[in-house]
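Numbers 972 to 1200, taken from the numbering used here, label the letters of the sequence shown in order.
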Amino acid sequence: MRLLRFGLLAVAALLPLVSGCSRFEGMATRYRAERMVWEAQREETRLRIGKAAPDSATMLKIRSEYQKLRLTFHPPFIEGSGKDVERLRRDIARQVGGAELTASRSALFARRPDLALESARWVASIAQADTGLQREADLATVMALRGLRRNDEAIAAMRAMLDRYPPVASPTPEREDQILSIPTRSSTFAPRWGTPRAWERTGRTRSLTTGGFSRAAPRRSSSRRCAPG
972 MRLLRFGLLA VAALLPLVSG CSRFEGMATR YRAERMVWEA QREETRLRIG
1022 KAAPDSATML KIRSEYQKLR LTFHPPFIEG SGKDVERLRR DIARQVGGAE
1072 LTASRSALFA RRPDLALESA RWVASIAQAD TGLQREADLA TVMALRGLRR
1122 NDEAIAAMRA MLDRYPPVAS PTPEREDQIL SIPTRSSTFA PRWGTPRAWE
1172 RTGRTRSLTT GGFSRAAPRR SSSRRCAPG
């Protein structure tokens, strides 16, 4: 009995250490993801130099840069449980999901809506309770379906978004909620939402790297390390 009690006390003493290791692992993973986003943005800038309108091959190269995050980090991204770990997991999912959405937009501009749709649906699969990420994934899905000329599906998805996500106040006039730009009737959908080039002409697209990302340098990772087990 005394041995069992000692074992339980030892387990209880180790729990904070395990939780702390999960948190520091999550912080390191988040930093790596932020760093990879920054590297992808830098490579995109390099690939765009001297090209007012990048061709499909260039856009697919840009796509591959952003897809490196999806290929590197896999759900659930970090082990462990608790509020701190869940918050870190959500932060990492936003970085990885945001990069994949940029890959989706790049594929769309490369006239590969099939690849764009696959990316958008993958992001939707990892969004879970993150409404903001889910909204962006659903919007990317609508755009990809329109690119594939699957108009009925695109309209159905668009209407579902209008029901599911009420518009939210924008933090700045320049960052209007994209839900507001979705037509409310199918009769206005087709002529207003054409090819990616048409979106570009009407000013409906934003810079590929501004959707959900900051140009700021990634945060420094904590210098603390967990002791080897």
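All C-beta atoms, glycine included, are put in the ideal place defined by N, C-alpha and C.
For V1056 and I1049, believed in contact at Cβ under 8 Å, the rounded distance = Right, the Cβ-Cβ distance comes to about 7 Å (below 8 Å), so this counts as a contact.
DSSP three-state assignment for D1026, whether helix, strand or coil | Correct three-state label for D1026: coil.
In the DSSP assignment, find the alpha helix (DSSP H) that holds P1137 and state where it starts and stops.
-> DSSP places P1137 outside any alpha helix (DSSP H), giving it a letter other than H or E.
Within this structure, are the beta carbons of V1008 and L1042 separated by less than 8 Å?
-> With contacts defined as CB atoms closer than 8 Å, V1008 and L1042 fail to qualify as a contacting pair.
State the Cα-Cα distance for the pair D1101 and E1005, rounded to the nearest angstrom.
-> For D1101 and E1005, the distance between alpha carbons rounds to 18 Å.
Buried versus exposed, by CB contacts within 10 Å (16 or more), G1053 | That one is exposed.
Quick one: give me the first and last residue of the alpha helix (DSSP H) that R1117 is part of.
-> Run containing R1117: T1102 to G1118, per the alpha helix (DSSP H) assignment.
With DSSP as the reference, label R1121 as helix, strand or coil.
-> Coil at R1121, not helix or strand.
State the DSSP-derived secondary structure class of A1081, mapped to helix, strand or coil.
-> Reduced to three states, the DSSP call for A1081 is coil.
Classify G1021 as buried or exposed, calling it buried when 16 or more other Cβ atoms lie within 10 Å of its own Cβ.
-> Exposed.
Could you check if D1109 is buried or exposed, using at least 16 other CB atoms within 10 Å of its CB as the buried criterion?
-> Classification of D1109: buried, given that the 10 Å Cβ count is 16 or more.
Quick check: the segment 1021-1032 against the segment 1064-1074, are there 3 or more CB pairs under 8 Å?
-> Counting Cβ pairs under 8 Å, fewer than three are found: no touch.
Taking the CB atoms as reference points, tell me whether L1116 and A1128 lie closer together than 8 Å.
-> Yes; because the gap between Cβ atoms is below 8 Å, this pair is in contact.
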